[in-house]
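Protein chains in written order, with the working numbering: chain H, 58 to 171; chain W, 9 to 121.
All C-beta atoms, glycine included, are put in the ideal place defined by N, C-alpha and C.
From a predicted model like this one, the values you see are computed outputs, not experimental measurements.
Take a look at the structure below.
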Amino acid sequence: EAGVVQSPRYKIIEKKQPVAFWCNPISGHNTLYWYLQNLGQGPELLIRYENEEAVDDSQLPKDRFSAERLKGVDSTLKIQPAELGDSAVYLCASSLGAGRETQYFGPGTRLLVL
Amino acid sequence: TQLLEQSPQFLSIQEGENLTVYCNSSSVFSSLQWYRQEPGEGPVLLVTVVTGGEVKKLKRLTFQFGDARKDSSLHITAAQPGDTGLYLCAGARGGTSYGKLTFGQGTILTVHP
Numbered sequence: 058e059a060g061v062v063q064s065p066r067y068k069i070i071e072k073k074q075p076v077a078f079w080c081n082p083i084s085g086h087n088t089l090y091w092y093l094q095n096l097g098q099g100p101e102l103l104i105r106y107e108n109e110e111a112v113d114d115s116q117l118p119k120d121r122f123s124a125e126r127l128k129g130v131d132s133t134l135k136i137q138p139a140e141l142g143d144s145a146v147y148l149c150a151s152s153l154g155a156g157r158e159t160q161y162f163g164p165g166t167r168l169l170v171l
Numbered sequence: 009t010q011l012l013e014q015s016p017q018f019l020s021i022q023e024g025e026n027l028t029v030y031c032n033s034s035s036v037f038s039s040l041q042w043y044r045q046e047p048g049e050g051p052v053l054l055v056t057v058v059t060g061g062e063v064k065k066l067k068r069l070t071f072q073f074g075d076a077r078k079d080s081s082l083h084i085t086a087a088q089p090g091d092t093g094l095y096l097c098a099g100a101r102g103g104t105s106y107g108k109l110t111f112g113q114g115t116i117l118t119v120h121p
C-alpha cells in the first residue's frame, strides 16, 4: 500500500514569491495534517482536516498561509508571499480518523526561501 | 512554549553503548508516542504507550510511560549505527484536542561504528 505522497520534494524560491505544496494521503484516511518542521526540531501542527473540514487551524498564519482539501482526499498548502523565515520542511500526515491516533507521515517538502 | 521537553538534544556514542532519552512535561497526556526520523524522510512511529507505568519493548528499544502520564523514556541497549536518527516524542490529549499531537524538540542520536 502506498504511503503518504508529497510533492515537490524540494523547492527553492525567492522571497515574496508564492509556493504551493501538494499531499495525497493514504487511501481511506479521513484525517489529514500539515506540519511545519524547522531544522533539528519537532513538527508543529499547522492545520488538521477531518474529511474536507478544517477542524484545527489555530496555528496557521492566515495572513500568508492557506490550505484546502476540496474533495476530502488530496490537499494543498500555499504560502503567498513567502518570507525568509518560511524556510523549513513541510510535512503532511494522515490517519484513519477520530479515535485513530496513529499518524503516518509523508517525506516532506523542503522549502528554501532566498 | 514547549510542552514536551526532550533531553538530551544531542547524543553521540560508540556502537555497543547504551543510552536513554527522556521526554518530560508538566501536562498529562492520554497517550505518548515515540517516532524516529531519518534525514529527508518523515517521522516513523515506533511505539504508542497509553497506560501510566506501561513498559513496551521493541527489540533493543525499551519505552516507558511515567506513572502520572507526564513523562516517558526511551532506552536503547547496545546501540548500532543503524539507530542513528532524530528521535521524537509526541503527546496526545483527549477532549477537544483529541487527535492533536504535541511534539518534543527531538534528540539527534549519532552512533559511531
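Under 7 Å by beta carbon: chain W residues contacting residue i
i	result
D113/H	K108
G165/H	G50
Opposing strand residues paired with residue i [DSSP bridges]
i	result
L148/H	Y92/H
Q1/W	Chain W is shown only over 9 to 121; residue 1/W falls outside these bounds and no answer can be derived.
V170/H	I70/H
S15/W	Y30/W
L66/W	L69/W
S20/W	T118/W
S64/H	W79/H
D79/W	N32/W
Contact list for residue i against chain A, beta-carbon separation under 9 Å
i	result
F162/H	The structure shown contains no chain A; its protein chains are H and W.
Rounded C-alpha distance that separates residue i from residue j
i	j	result
L27/W	H83/W	6 Å
L96/W	P100/H	9 Å
T9/W	E71/H	Residue confidence is low: T9/W scores 49 on pLDDT, short of 50, so the model does not pin down where it sits. Its coordinate-derived value is still stated next. So the two alpha carbons sit approximately 30 Å from each other.
T166/H	G50/W	10 Å
C149/H	R126/H	12 Å
K64/W	F73/W	9 Å
L54/W	Y30/W	15 Å
I83/H	D75/W	34 Å
P65/H	F78/H	7 Å
V57/W	P118/H	32 Å
G129/H	G85/H	10 Å
T133/H	S34/W	35 Å
L171/H	R77/W	43 Å
G60/H	T59/W	29 Å
W91/H	G24/W	37 Å
T159/H	L102/H	15 Å
Partners in chain H for residue i, counting only beta-carbon separations shorter than 9 Å
i	result
L96/W	G99 and P100
F73/W	What F73/W touches in chain H: nothing, since even the nearest Cβ is about 14 Å away.
I84/W	Chain H residues near I84/W: none, gap ~19 Å exceeds 9 Å.
8 Å Cβ cutoff met for residue i and residue j
i	j	result
P138/H	K68/H	no
I104/H	D114/H	yes
N81/H	E107/H	no
G112/W	E13/W	yes
Y43/W	A87/W	no
R101/W	T85/W	no
T115/W	L19/W	yes
L93/H	Y147/H	yes
L40/W	S80/W	yes
I136/H	V62/H	no
Q45/W	L94/W	yes
Q22/W	H120/W	yes
9 Å Cβ cut-off: residues of chain W touching residue i
i	result
L148/H	G50 and P51
R126/H	Ordered by position in chain W, no residue passes the 9 Å Cβ test against R126/H, which lies about 16 Å from the chain.
Interface residues of chain H facing residue i [CB-CB closer than 8 Å]
i	result
F37/W	Within chain H, no residue comes near F37/W; the closest Cβ sits about 11 Å away, beyond 8 Å.
G99/W	Here the premise fails: no neighbours, minimum Cβ distance about 11 Å.
I21/W	Under the 8 Å cutoff, chain H gives no residues; its nearest Cβ is about 18 Å from I21/W.
Amino acids of chain H, ordered along the chain, whose beta-carbon sits closer than 7 Å to that of residue i
i	result
G93/W	Correct list: empty, because the minimum Cβ distance to chain H is about 12 Å.
G112/W	G99
Task: Every unbroken alpha helix (DSSP H) inside the segment 117-149 of chain H [4 residues or more] - done: none
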